[in-house]
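When the letters of the sequence shown are read in order and numbered with our numbering, they come out as residues 3 to 519. Here a beta-carbon is modelled for each residue, glycine too, at the ideal position from N, C-alpha and C. For reference, the structure discussed in these notes is given below.
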Amino acid sequence: MKTINLSLQLGILFLIAACQITPVGKINSLTISPDNVLKVVESRTNEYTALRDSEENLLSARYLQNLKDPNMDLWDLVRDGFQLNHGIDRQRVQNEIRWFTRHPDYIERVTKRSEKFLFHIVHQLAAKGLPMEFALLPVIESAYDPFAYSHGRASGLWQFIPATARLHDIRIDWWYDGRRDVIDSTDAAARYLEHLYGRMGDDWLLALAAYNTGEGRVRSAIRKNNRDKRETDYWSLKLSRETTAYVPRLLAICAIIAEPEAFGLEVKSIKNESYWEVIDIKSPLDLDKAAELAEMDSRDLHQLNAGYNQWSTHPEGPHRLIIPVNRVIRFTKALKNLGSQERLSWTRYRIASGDTLGVLAKRFNTTTSALRSINDIKGSLIIAGNSLVIPSRNSKSSVSSQSNPRMKTHHVIQLGDSLSKIANQYGLRISHLTTLNGISRSQILYPGQRLIISMDQHDVVRKVNYRVRPGESFAKIANKFNLSVASVMAWNQKAASARYLHPGDTITLFINVTSTE
3 MKTINLSLQL GILFLIAACQ ITPVGKINSL TISPDNVLKV VESRTNEYTA
53 LRDSEENLLS ARYLQNLKDP NMDLWDLVRD GFQLNHGIDR QRVQNEIRWF
103 TRHPDYIERV TKRSEKFLFH IVHQLAAKGL PMEFALLPVI ESAYDPFAYS
153 HGRASGLWQF IPATARLHDI RIDWWYDGRR DVIDSTDAAA RYLEHLYGRM
203 GDDWLLALAA YNTGEGRVRS AIRKNNRDKR ETDYWSLKLS RETTAYVPRL
253 LAICAIIAEP EAFGLEVKSI KNESYWEVID IKSPLDLDKA AELAEMDSRD
303 LHQLNAGYNQ WSTHPEGPHR LIIPVNRVIR FTKALKNLGS QERLSWTRYR
353 IASGDTLGVL AKRFNTTTSA LRSINDIKGS LIIAGNSLVI PSRNSKSSVS
403 SQSNPRMKTH HVIQLGDSLS KIANQYGLRI SHLTTLNGIS RSQILYPGQR
453 LIISMDQHDV VRKVNYRVRP GESFAKIANK FNLSVASVMA WNQKAASARY
503 LHPGDTITLF INVTSTE
């Protein structure tokens, strides 16, 4: 049975005892329409908001008890932990509510994705006493996709840009990007929101605005309103179009989750149990080998361990893997019996005359920093005749060879080539080629044209619509996202034919999010 928000229960009892003339009633007994829903939800919100402070301690004790109950619905824990005024009476929030109610498939999709991560996020927020509205922030930021990537280079469930991530101790290097790790990113997001709350005068809506657009822009808007003798709350500030919609969008999805039946929607319950466990694996492990030990698809394992950029966990840690609860016993047992030589393959390479770290990094699909770290090299000098240790895939899972050590390459179109012929040549689906190159199945191919060919199942490609900024060229944009100029131009042939990009133009990029930084 659904657990009703304790504040709401007390509010209803209070209203009955006070013999109010207007009954609360059931929202889902109404004819569903946005206007009816908004009126009733607003009425109900006002009825119990005033009582929240007086029963805060009771609510906290009850809430902590419910957190320990595995039979609770996680969504009820989210609802009962709501602390913010959802602004249901504001036009901006109402507009966003209407968008969500007209796209029920979106809500179904993101709530389904949340099933693997919601338990961890809810319990982390509860441990810090943060509003449960923030459990829905990944809906707005990333649609609960750990591989989500934005035109501003934000990544992961919580959409940190590199600079902000590093500021909050999220590790980013060739092996690992903690922005996509649910543990590291959730911890950082909670700390960052707390920090912004203090910096924004203990105002959660201003903190949310700063999370989206940056503390400096919000402070600038506040200063302007102070100069103009205007209010400085979130609703009174003049912010960017994105931030103006950002907070109302979060409040709207919170209002819907609070009373989904009122909007003719259904949110399937999620048991208050973790979908996964964190396993200490002690040392680096090939991810395909890990999937084999857990007897699960390597793509499903990568979805849970999205922070790992390469085929292996980080040589320097974190030495952990997230494993589904129903796979933990078989995984830990198999891992215990795994020999050290089977965990990861390493190639010993004898340095030849003319070799440099840069040349070897490209040859073996790694980076100079990774080679320095693994081989304890301080500078850039390497000496012919000495040996380097180079990480390589487990031989059973690798699709590379000495003649083709790179996992990603380009195919130059030859006379007579077709998408089906190229797909067969590389053992790929045509849909893979069209998605990766941003082309249709009917695309005419010209000799000399280059197509991206990905043969690495750990590549995760996301489509990004990028808005060109002043002074940017194809080369600058390609460099920004670690892409080739030829690829960017191939994806945007109309813009490429015009020779020049103009500020405000929108171009399409297909970005492998595991190799952007």
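{"Query": "Same chain, Cβ closer than 6 Å to residue 352, five either side skipped, listed in chain order", "Result": "389"}
{"Query": "Distance between residue 307 and residue 66 (C-alpha atoms, nearest Å)", "Result": "29 Å"}
{"Query": "Pair within 8 Å by beta-carbon distance, residue 523 and residue 368", "Result": "It is not possible to answer for residue 523, since the shown part of the chain is limited to 3 through 519."}
{"Query": "Simplified DSSP assignment, three categories, for residue 210", "Result": "helix"}
{"Query": "The region 227-244 contacting the region 120-129, beta-carbon criterion three pairs below 8 Å", "Result": "no"}
{"Query": "Nearest-angstrom Cα separation, counted from residue 364 out to residue 397", "Result": "With a pLDDT of 46 at residue 397, under the threshold of 50, the modelled position of that residue is not reliable, and no figure is offered here."}
{"Query": "Within 8 Å, strictly: CB atoms of residue 198 and residue 217", "Result": "yes"}
{"Query": "Distance between residue 191 and residue 185 (C-alpha atoms, nearest Å)", "Result": "10 Å"}
{"Query": "Simplified DSSP state of residue 462, which is helix, strand or coil", "Result": "coil"}
{"Query": "Exposed unless 16 or more other CB atoms sit within 10 angstroms - verdict on residue 155", "Result": "buried"}
{"Query": "Chain-order list of residues whose beta-carbon lies under 8 Å from that of residue 134 (same chain, five-residue window excluded)", "Result": "79, 80, 81, 82, 83, 84, 85, 124, 127, 128"}
{"Query": "Contacting residues, own chain, Cβ-Cβ under 8 Å from residue 160 (five flanking each side not counted)", "Result": "139, 140, 143, 144, 181, 187, 188, 190, 191"}
{"Query": "Assigned exposure category for residue 131 - 16 Cβ within 10 Å defines buried", "Result": "exposed"}
{"Query": "C-alpha gap between residue 116 and residue 278, whole angstroms", "Result": "13 Å"}
{"Query": "7 Å CB neighbourhood of residue 18 in its chain, flanking five on each side removed", "Result": "At residue 18 the pLDDT is 32, less than 50, meaning the model places this residue with poor confidence; the figure from the coordinates comes in the next sentence. Nothing meets the Cβ criterion."}
{"Query": "Counted within 10 angstroms of its Cβ, other Cβ atoms place residue 327 as buried (16 or more) or exposed", "Result": "exposed"}
{"Query": "Buried versus exposed call for residue 373 [16 or more other C-beta atoms within 10 Å across all chains shown]", "Result": "buried"}
{"Query": "Identified DSSP bridge partners for residue 288", "Result": "314"}
{"Query": "Residue 322 - DSSP class collapsed to helix/strand/coil", "Result": "strand"}
{"Query": "Residue environment, residue 489, which counts as buried when at least 16 other CB atoms sit within 10 Å", "Result": "buried"}
{"Query": "Within 8 Å, strictly: CB atoms of residue 386 and residue 419", "Result": "no"}
{"Query": "For residue 349: DSSP bridge partner residues", "Result": "392"}
{"Query": "Per-residue burial, residue 270 [other beta carbons within 10 Å of its own, 16 or more giving buried]", "Result": "exposed"}
{"Query": "Residues bridged to residue 273 [DSSP beta-bridge criterion]", "Result": "75"}
{"Query": "Short Cβ contact (8 Å threshold) for residue 253 with residue 283", "Result": "no"}
{"Query": "Rounded straight-line distance, which links the Cα of residue 343 to that of residue 291", "Result": "12 Å"}
{"Query": "Residue nearest to residue 309 in terms of C-alpha spacing, selected from 417, 261, 177, 228", "Result": "177"}
{"Query": "Cβ contact (3+ pairs, closer than 8 Å) linking the region 467-482 and the region 436-443", "Result": "no"}
{"Query": "Nonlocal neighbours in the same chain, by C-beta distance under 6 Å from residue 250, ignoring five residues either side", "Result": "94, 95, 98"}
{"Query": "Among 515, 469, 87, nearest to residue 497 - alpha-carbon criterion", "Result": "469"}
{"Query": "Residue from 165, 147, 285 whose Cα sits closest to the Cα of residue 111", "Result": "147"}
{"Query": "Where residue 508 sits in the DSSP three-state scheme", "Result": "strand"}
{"Query": "Interface flag, residue 385 vs chain D, CB-CB below 8 Å", "Result": "Here chain D cannot be found, since the structure has a single protein chain."}
{"Query": "Residue 63 versus residue 232 - alpha carbon distance", "Result": "40 Å"}
{"Query": "Presumed contact (8 Å Cβ cut-off) between residue 259 and residue 77, rounded CB distance", "Result": "7 Å"}
{"Query": "Beta-carbon proximity list for residue 51, same chain, < 6 Å, skipping 5 on both sides", "Result": "Note that residue 51 has pLDDT 49, beneath the 50 cutoff, so the model's placement of it is unreliable and the number below is only indicative. No residues qualify anywhere along the chain."}
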